[in-house]
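Undergrad:
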Amino acid sequence: MVAPHPDDEVLGCGGLIARQRSRGIDVLVVAVTDGDAAFGCADPRLACVRRREQVAACAELGVHPGALLRLGLPDGAVAEHESAVTTAVGELLCDGDLVVAPWTRDHHCDHEAVGRAVARLAVGHGVRRPVQQVGSLVWGPLRSAPPDDGELPLLALRLRPDEQRRRLAALDRHRSQHGDAGRPAVITDDLVRSFRNPTERYVTLAPVAPVAPVAPVAPDTVAR
Ligand SMILES: [Zn+2]
601 MVAPHPDDEV LGCGGLIARQ RSRGIDVLVV AVTDGDAAFG CADPRLACVR
651 RREQVAACAE LGVHPGALLR LGLPDGAVAE HESAVTTAVG ELLCDGDLVV
701 APWTRDHHCD HEAVGRAVAR LAVGHGVRRP VQQVGSLVWG PLRSAPPDDG
751 ELPLLALRLR PDEQRRRLAA LDRHRSQHGD AGRPAVITDD LVRSFRNPTE
801 RYVTLAPVAP VAPVAPVAPD TVAR
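When the letters of the sequence shown are read in order and numbered with this note's numbering, they come out as residues 601 to 824.
#1: Is any heavy atom in ligand 1 found nearer than 8 Å to the beta carbon of Gly-740?
#2: Can you list the beta strand (DSSP E) stretches of 3 or more residues lying completely in the segment 656-734, in chain order?
#3: Between Val-610 and Thr-799, what straight-line distance do the alpha-carbon atoms span, to the nearest angstrom?
#4: With Val-629 as the anchor, note down where its beta strand (DSSP E) starts and where it stops.
#5: Bridge partners of Ala-603, per DSSP?
#6: Please state whether DSSP places Ser-744 in a helix, a strand or coil.
#7: In or out: Phe-639 buried (at least 16 other Cβ within 10 Å) or exposed?
#8: Who are the near neighbours of Leu-768 in its chain, counting only those whose CB is closer than 7 Å to its CB and skipping five residues on each side?
#9: Which residues neighbour ligand 1 when neighbourhood means a C-beta less than 5 Å away from any of its non-hydrogen atoms? List them by chain order.
#10: When burial is assigned at 16 or more other CB atoms within 10 Å of the CB, is Ala-781 buried or exposed?
#11: When burial is assigned at 16 or more other CB atoms within 10 Å of the CB, is Glu-712 buried or exposed?
#12: Any idea if His-664 is buried or exposed, counting beta-carbon neighbours within 10 angstroms, 16 or more meaning buried?
#13: Between Ala-603 and Val-629, how many whole angstroms is the CB-CB distance? I'm expecting something under 8 Å.
#14: What three-state label does DSSP hand Arg-824 in the structure shown?
#15: Quick one: Cα of Ala-785 to Cα of Val-655, how far?
#16: By DSSP, does Arg-773 sit in helix, in strand, or in coil?
#17: Which of the three DSSP states, helix, strand or coil, is assigned to Arg-801?
#18: Please state whether DSSP places Arg-783 in a helix, a strand or coil.
#19: For Asp-675, which residues of its own chain have a beta-carbon under 6 Å away from its beta-carbon, when the five flanking residues on both sides are left out?
#20: Across the segment 608-623 and the segment 700-709, are there enough close Cβ pairs to call them in contact, namely three or more that are closer than 8 Å?
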């Protein structure tokens, strides 16, 4: 999973990560930035806080700290480093890997930049092997998501109670984004309420490359 900021791994696909880990499947989280400019200017103290929060959130989802890789790119300026994201992620890939990143129209410049950078992987740009990839609707449910009209494949992953519990616990680990310590809330009450719906939605970012099927999501849990 390629997370533009700490918390996107939960907001975008926390349930999917929990499911994969419970099935014994390795999950690598690539943290593109430390999210240090969440409230304006870059703040190194906030970066420390958010790195710790992300480690704790990943632990809730079953991801060991050793499977959390940081790129350290500047928060708010990922678009200036898209090729670095493509290269870094491409070098990590193995045959048939599933790559999850934010939707390319996800209402945040860093999210969209990461989406574009990852979309290039599907057409073989800078990678050794083809990959499967999907986008995740990080902000789509609260802002605007693509219509489910068949034009753009929209997948729904229905979470089991244990998966739902783990992603809610992971979301809670990102305390700096909940409006604590006098900061504005990024993870708002509305967002937390939307999380009570135990469904994650995904779009396909680009045509799936011709690789052997890897069944990242059990077929009986995916519906259009
Ligand atoms: Zn983000």
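Using N, Cα and C, we set each Cβ at its ideal position, and we do this for glycine too.
TA: Short version:
#1: no
#2: 668-670, 698-702
#3: 13 Å
#4: Under the DSSP assignment, Val-629 falls in the beta strand (DSSP E) whose first and last residues are 629-631.
#5: Ala-631
#6: coil
#7: exposed
#8: Phe-795
#9: Pro-604, His-605, Asp-608
#10: exposed
#11: Glu-712 should be labelled buried.
#12: exposed
#13: 6 Å
#14: Any reading at Arg-824 needs caution, since the residue's pLDDT is 36, under 50, leaving its predicted position unreliable; the model's value is listed next. Reduced to three states, the DSSP call for Arg-824 is coil.
#15: CA-CA distance, Ala-785 to Val-655, rounds to 20 Å.
#16: Assignment of Arg-773 by DSSP, reduced to helix, strand and coil, places it in the helix class.
#17: strand
#18: coil
#19: Thr-633, Gly-635, Asp-636, Ala-637
#20: Because the criterion of three Cβ pairs below 8 Å is met, the segment 608-623 and the segment 700-709 touch.
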